[in-house]
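Residue numbers (this note's numbering): 317 to 556.
Structure, rendered in structure tokens:
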């Protein structure tokens, strides 16, 4: 069966990806800063001992990423899925677009948002490119957001988060071009929709199972001809 490595699996979309891929028979390498701190993740792993392997990994720690890649040397990874992400200090769920408004920038927070949302996916891709290239499916996927779309931004606000997602979109586009030529890897970004998670809040449009079911279909269909695009969980495309 194929293998997927997923970051940010302690809750939300990352956790739901673990559930669904394990249920589909995949080998799942589930990365979280403290796996034992997530009761739900531990429960999923206990129910799938032959399929789910828990890995303690903080994506802000580049040395830890290198160590994990070394520990997994020789393990083909069909899909590298960068699911870890943060919005920064504050809460979009309670503040809406007032969160992250002009004149209230915390630049230390900006730096952390970029470390997690942009730099970490790049570091993961560079560390695990050999593992992905040696697999059958050869895919790298990073979760993005419609808030990274410049074309759709008509209300402003959310500066750090929007900027980080616009940056990761540009990064994944370049990665798709480069890795298709050098390794035959299909790379892309996917918007999961507005999802009822800790990040999206209770008023969001869809739940995590619906989002992940849709994204899995997008990932399954991903090939070199569909790489480097701005996908939505329902199979449509988002304007840059």
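Note that the Cβ used here is the ideal one computed from N, Cα and C, for glycine as well.
Checklist entry - How big is the Cα-Cα spacing for residue 547 and residue 464? => result 12 angstroms
Next on the checklist: In this structure, how does DSSP classify residue 426 when only helix, strand and coil are distinguished?
Outcome noted: helix
Checklist entry - With residue 531 and residue 555 assumed to form a contact (beta carbons below 8 angstroms), what rounded beta-carbon distance in angstroms separates them? => result Going by Cβ atoms, the distance from residue 531 to residue 555 rounds to 19 angstroms, so no, they are not a contact pair.
Checklist entry - What number of angstroms, rounded off, separates the C-alpha of residue 452 from the C-alpha of residue 419? => result 49 angstroms
Next on the checklist: Please list the terminal residues of the continuous alpha helix (DSSP H) segment that includes residue 280.
Outcome noted: This structure cannot settle anything about residue 280, because the visible part of the chain is limited to 317 through 556.
Next on the checklist: Would residue 447 and residue 373 qualify as a contact pair, given that the criterion is a beta-carbon distance under 9 angstroms?
Outcome noted: no
Checklist entry - Between residue 506 and residue 519, what straight-line distance do the alpha-carbon atoms span, to the nearest angstrom? => result 21 angstroms
Item to check | Residue burial classification, residue 389 (beta-carbon count within 10 angstroms, cutoff 16) | outcome: exposed
Checklist entry - Do you know whose CA, among 522, 504 and 481, lies nearest residue 512's CA? => result 522
Checklist entry - Just to confirm, are residue 402 and residue 319 a CB contact at a threshold of 9 angstroms? => result no
Next on the checklist: Using DSSP's beta-bridge definition, name the partner residues of residue 547.
Outcome noted: 506 and 553
Next on the checklist: Let's test the definition: count the other Cβ atoms within 10 Å of the Cβ of residue 324 and tell me whether it reaches 16, buried, or not, exposed.
Outcome noted: buried
Checklist entry - When we look at the beta-carbon of residue 429 and count the other beta-carbons within 10 Å, is it buried (16 or more) or exposed? => result buried
Item to check | Extent of the continuous alpha helix (DSSP H) to which residue 329 belongs | outcome: 328 to 339
Item to check | Sequence-distant residues of the same chain with beta carbon closer than 8 angstroms to residue 551, five excluded per side | outcome: 530, 533, 534 and 537
Checklist entry - Can you tell me whether DSSP reads residue 454 as helix, strand or coil? => result coil
Item to check | Three or more C-beta pairs below 8 angstroms linking the stretch 455 to 463 and the stretch 476 to 492 | outcome: yes
Checklist entry - What are the boundary residues of the alpha helix (DSSP H) that includes residue 384? => result 378 to 387
Checklist entry - In three-state terms, what does DSSP make of residue 448? => result helix
Next on the checklist: Output needed for residue 543: all residues of its chain with C-beta closer than 7 angstroms, excluding positions within five of it in sequence on either side, in chain order.
Outcome noted: 492, 496, 502, 503 and 504
Checklist entry - Are the stretch 354 to 363 and the stretch 380 to 388 touching, with three or more C-beta to C-beta distances below 8 angstroms? => result no
Checklist entry - Just curious, the beta strand (DSSP E) that residue 532 is in, first and last residue? => result It is not in any beta strand (DSSP E) - residue 532 instead sits in the alpha helix (DSSP H) that spans 524 to 537.
Checklist entry - Taking the DSSP output, what are the residues bridged to residue 370? => result 346
Checklist entry - Based on Cα-Cα distance, which residue from 456, 344 and 439 lies nearest to residue 379? => result 439
Checklist entry - First and last residue of the beta strand (DSSP E) that includes residue 319? => result 319 to 322
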